[in-house]
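Written below as C-alpha cells is the structure these notes are about.
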Amino acid sequence: MDRWPELLPNVAMLVVVAWFIHAHRSQPVLQIHTLIVTSYLTVFPALDFLFSEGGGMDGFGELQLLLIIFFQVPLMLFSHHVAGPPTRRPEPMAHSMRLHAGLPVVLGILLLNFWFVALNYDLFFRRLGHEGLQRNAAEVPTLLLYGYRGAVETAFFVIAFLWTTLRRAAPETHHYRRYKWALAGYLLTFILFFAANSRMQFVLLLLCLICTQPVIARFVLKPSNLLTFGLGLMLLVLGLTLFREFLLEHNDRITSDDLPALIMAAGWLIASRLDSVVILHSLREMGFDPWGFDLSGVVHVLMFYISFFADSEAYNAVKESLVTSPSVLIVNRLLSASEVDFPKSMILDMFLSFGALGLLLTACLLGLAVGQIQRSIASSHNFQLPFLAALYMLPMLLEFEKEFIGLFFSMLKWAPALVLVYLWRPHQGLGLPRSQTLTQNRVQTLSNARPR
C-alpha cells in the first residue's frame, strides 16, 4: 500500500490527458500522439512499478513529476497552440484527378525488392537478435538492402498516401486500379510483416490510418466507441505478444500452466519492455544529475555520421559496436556496462545530454511538429508539399520509442520516398475518360446557367 503515494503524479497526469483528448476530439493527430506519449511515460512505467513492487525504482514519483512538468504538459500546450481550433470544413467528394501512371509501378518494384530480400536473405522474421540480423543483412548488396529497409520504414507513409489518393479520386479516373492494387499489395505485405516482427509497428499502422482517414477516425474515436477501441487495442497487443512468445520464439519467458498467471506474466513483459524511463532509475543510483549537461553522447553521434563521409573504417567500427546513439554511450559509461537493447524513447537522449532543459526543448520541437501536422492534414485538400510532408513525418513522430536525435537522420535517410511521391503526385482535373469529362462539364454548365 505504501507504493500508491508514488503513483499520485501518474493519476493526476491521466486526468489531464483525459481532458485534453476530450477537448481535441476532432483532432486525431493530437489525440493519438498524446495517448502514445502517455503510454510510454505514464501508463507503462506505473504498471512496471506495480508489477515489480517498486524494486529498484526509488524516487519513482519524483521522476514522474519531473517528466510531467518539463515535458508532458509543455508538449500538450505547444501542440494545442500550433494546431489551432479544430477545422470542421467537410472534405470534397471524389472528383477527377490526373494520377501518374509510373508511381504505382515504381512502388510495386520496391515491394518486389522487399520480398526478394526478405525471402532470399532470410530477413522476413527479424527477431534474430542483433548478431543474426547483422549477419544476414551483411550479405545483401547495398542497393537492395537500402530498398528493403526503405520499404519498411516508409510503408506507413506510402499506405496513408495511397489510401488518401483513392479516397479523393473518382473510381473512373485513369490508373485508379493501379493505385488500388499497389495499396492492396502494401497492406497485405506489411500487415503480415509487422504482425510477425513488431507489435508496435502493427499498432502504429492502425494509428496512422486513424490520423489520416476521417471515416476511420470518426468511427474509432467516437466517445461511444473509444473505450471499446482501447480495450481492443490492449487485447491486440496481448495477443500478438502471446503469438510471438509461443509460436515464433519459444523462449519460455511465459509459461502456459495457469490463465491468470499467463495474462499477468504477459502484461508484465509488455510493461517492462515499454517502460521507456526504467533505465533512469539505475542511472540515478550511479549519480546522474537531471539538471546537468553531458554532451559526450551528442559529439559521439555527430562524429559517427561525419565518419560516414570521412572515415569509413571508423564508421563501420562504431556501427558494429551498436553504440550509435547518445543514450547508449552515456548509459554504458555510467553503468560500466555494455547495454544496447534497453527501452528508449524520444526524451531519453535529450534528457541524458541536456538535463531538464533538454526535456523542455524536446517538448517545444515535438509540439510544433505535431501541431503543424494536424493543421496540414485537416486543412489541405490537395497534394502539395506541406500535406505530403505531414503524411511522411507523422509515423516517425508517432514512433515515440525511437530516439529524438536519430529522428532527424531518419527523415533525411528515407526522404527519396517523399521526393518521388511529390514529383509524381496527383493533380486535380483531366483524370476521367473523355466521355465522362464532357458529361461532367455539361452538368456543370447547366448548373451555372440555372436561374437563382
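Per the numbering used here, residue 95 is the first one in the sequence shown, and the count goes up by one each step. All residues carry an ideal CB built from backbone N, CA and C; glycine is no exception. All of these numbers come straight from a predicted model, not from anything done at the bench.
Close beta carbons around residue i, own chain, < 7 angstroms, minus the five adjacent residues each side
i: Arg220; result: Leu227 and Asn291
i: Pro122; result: Ile304, Cys305, Ala311 and Leu315
i: Met170; result: Phe114 and Thr128
i: Val111; result: Thr128 and Thr132
i: Gly196; result: Trp518
i: Asp443; result: Gly391, Ser419, Pro420, Ser421, Glu497, Phe498 and Ile499
i: Leu298; result: Phe250, Pro489, Leu492 and Glu493
i: Phe172; result: Ala457, Cys458, Gly461, Leu462 and Gly465
i: Leu102; result: Gly155
Inter-residue spacing [alpha-carbon to alpha-carbon] between residue i and residue j
i: Arg97; j: Ser430; result: 30 angstroms
i: Arg367; j: His194; result: 43 angstroms
i: Ser390; j: Asn214; result: 40 angstroms
i: Arg192; j: Ser439; result: 41 angstroms
i: Val392; j: Pro99; result: 36 angstroms
i: Tyr240; j: Glu233; result: 13 angstroms
i: Ile467; j: Leu238; result: 31 angstroms
i: Thr533; j: Ala249; result: At Thr533 the pLDDT is 48, less than 50, meaning the model places this residue with poor confidence; the figure from the coordinates comes in the next sentence. Taking the straight line from one Cα to the other gives about 38 angstroms.
i: Phe288; j: Glu247; result: 11 angstroms
i: Ile203; j: Ala509; result: 18 angstroms
i: Glu495; j: Arg293; result: 12 angstroms
i: Ser415; j: Asp388; result: 21 angstroms
i: Ile441; j: Ser474; result: 30 angstroms
i: Ala264; j: Tyr270; result: 8 angstroms
i: Ala117; j: Ile130; result: 17 angstroms
i: Arg119; j: Phe398; result: 43 angstroms
i: Phe448; j: Phe143; result: 26 angstroms
i: Val309; j: Thr283; result: 23 angstroms
Secondary structure of residue i, DSSP reduced to three states
i: Val537; result: Any answer about Val537 is weak, because its pLDDT of 44 lies below 50 and its placement is not dependable; what the coordinates show is given next. Val537 falls in the helix class under three-state DSSP.
i: Ala195; result: coil
i: Gln466; result: helix
i: Ala212; result: helix
i: His394; result: helix
i: His269; result: coil
i: His174; result: helix
i: Asn140; result: Checking the sequence shown, residue 140 turns out to be Ala, not Asn. DSSP places Ala140 in helix when its eight states are reduced to three.
i: Ala263; result: strand
i: Lys316; result: coil
i: Glu379; result: helix
i: Ser133; result: helix
i: Asp369; result: coil
i: Trp508; result: coil
i: Lys413; result: helix
i: Phe445; result: helix
i: Arg528; result: Because Arg528 sits at a pLDDT of 48, beneath the cut-off of 50, its placement in the model cannot be relied upon, and the following sentence gives the value as read from the coordinates. Helix at Arg528.
i: Glu247; result: helix
i: Arg119; result: coil
i: Gln228; result: helix
i: Val234; result: coil
i: Glu497; result: coil
i: Pro545; result: Residue confidence is low: Pro545 scores 46 on pLDDT, short of 50, so the model does not pin down where it sits. Its coordinate-derived value is still stated next. Note: Pro545 maps to coil in three-state DSSP.
i: Ser401; result: helix
i: Trp385; result: coil
i: His475; result: coil
i: Lys274; result: helix
i: Pro308; result: helix
i: Arg97; result: coil
Close beta carbons around residue i, own chain, < 8 angstroms, minus the five adjacent residues each side
i: Phe255; result: Leu482, Leu485 and Val515
i: Leu281; result: Ile253
i: Leu561; result: Since the first and last residues shown for the chain are 95 and 546, residue 561 lies out of range.
i: Ile471; result: Val123, Cys305, Thr306, Phe481, Ala484, Leu485 and Leu488
i: His521; result: Met191, Arg192 and Phe477
i: Leu479; result: Tyr516
Neighbourhood of residue i by C-beta distance below 6 angstroms, restricted to the same chain and skipping five residues each side
i: Asp216; result: Asn230
i: Arg272; result: Pro198
i: Arg519; result: Phe477
i: Leu423; result: Gly391, His394 and Val417
i: Leu445; result: According to the sequence displayed, residue 445 carries Phe and not Leu. Cβ within range, chain order: Gly452 and Leu453.
i: Ala245; result: Leu204 and Phe208
i: Arg469; result: Ala177
i: Leu512; result: Tyr486
i: Pro180; result: Ser120 and Gln121
Bridge partner(s) assigned by DSSP for residue i
i: Gln522; result: Met191
Exercise. Would you call the region 401-410 and the region 373-387 touching, i.e. three or more CB-CB distances under 8 angstroms?
Worked result: no
Exercise. So does the region 161-175 actually touch the region 448-467, counting three or more Cβ pairs closer than 8 angstroms?
Worked result: They touch, by the three-pair rule.
Exercise. Is the region 487-502 in contact with the region 136-154, if contact means three or more CB pairs nearer than 8 angstroms?
Worked result: The answer is no - the region 136-154 does not touch the region 487-502, with fewer than three Cβ pairs under 8 angstroms.
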